[in-house]
Each structure stands twice: as C-alpha cells, then as structure tokens.
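For reference, the structure is listed below as structure tokens.
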Amino acid sequence: MIQSEKLENQEFLKKSIRHLESRGFESIKADLEGFEHPKSYLKKSSGMHVTPDIVAIKNGRKYFFDISLKSEKHSLLKSKWLFLDTLSRMKSNRFKIITTKGHYKFTNTLMEDLNMGGDHLMKV
6 MIQSEKLENQ EFLKKSIRHL ESRGFESIKA DLEGFEHPKS YLKKSSGMHV
56 TPDIVAIKNG RKYFFDISLK SEKHSLLKSK WLFLDTLSRM KSNRFKIITT
106 KGHYKFTNTL MEDLNMGGDH LMKV
C-alpha cells in the first residue's frame, strides 16, 4: 500500500494484523497507532524510502507484508514490491502480499508483470 493510502485503509490493516496474529505471527510491527513502526529502507536508485506495511516474526524467520488494494499508482507499488522481495531474499527472510476479495485480479496482474509466483500471495 502506498503511504498516502494508509490513512484510508486502516481498518483493512487492522484486520490483516488480527489474521496474522491468529496464524501464529509474533513481534508484529505496523504503521498503526499502538504498534511499533517498522524500519524504513532507502532505495538508493530513486532516493525513495520504502517501509513495509507489516513486519512480523514466525518460527524465528522475519516476514515482510505489503497490503495490495486497487491503486492508481501501479509503478510505485511495483517498485516497492520488487524492492521488498529483493531485500527479503538477500537476508533469507520472506515477503508476502496481503489482499482481499475484490482486489485479487488487480494484485495478480501486478504480480504477473513482476514475474512473482503465487507463493507470495496471502488472501484475507
């Protein structure tokens, strides 16, 4: 999710966190009040700061989560996903995209454009 859309979609972010807690994730960090904020990373090529929507730990492994909801800014979302996927692979972590009903086609289209497999997708 792009930073400008986070205020509009806080309810879905909370729902996603509840889902992750029920799946056994711990030490959840999210860009929400009441949670510790996840670390931001600097993308040197563009000078853009990238912050995952949710960071959690399960079985000692760190997971980066990004929320996928329909957006007009396809290129920003794609570059964020590609950066987080690359970062997670470098450090032997995992990257997942969380989406919900009504946003599957949009998410799948973007993932196909980036050649990301279905193992990155988590439906809530």
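In the working numbering, the protein residues as written are 6 to 129.
Every residue gets a Cβ at the ideal spot worked out from N, C-alpha and C, and that includes glycine.
The residue among 17, 54, 59, 47 with its C-alpha nearest the C-alpha of residue 35 is 59.
Restricting attention to 29, 94, 104, the CA atom closest to the CA of residue 62 is found in 29.
Residue 121 sits in coil when the DSSP states are folded into three classes, being neither helix nor strand. Runs of the beta strand (DSSP E) spanning 3 or more residues and lying entirely within the stretch 21–64 occur at 31–35, 46–48, 53–55, 59–63, in chain order. Shown here, residue 114 sits in a helix according to DSSP, grouped into three states. Within the same chain, 75 come within 6 Å of residue 111 by CB-CB distance, once the 5 residues on both sides are set aside.
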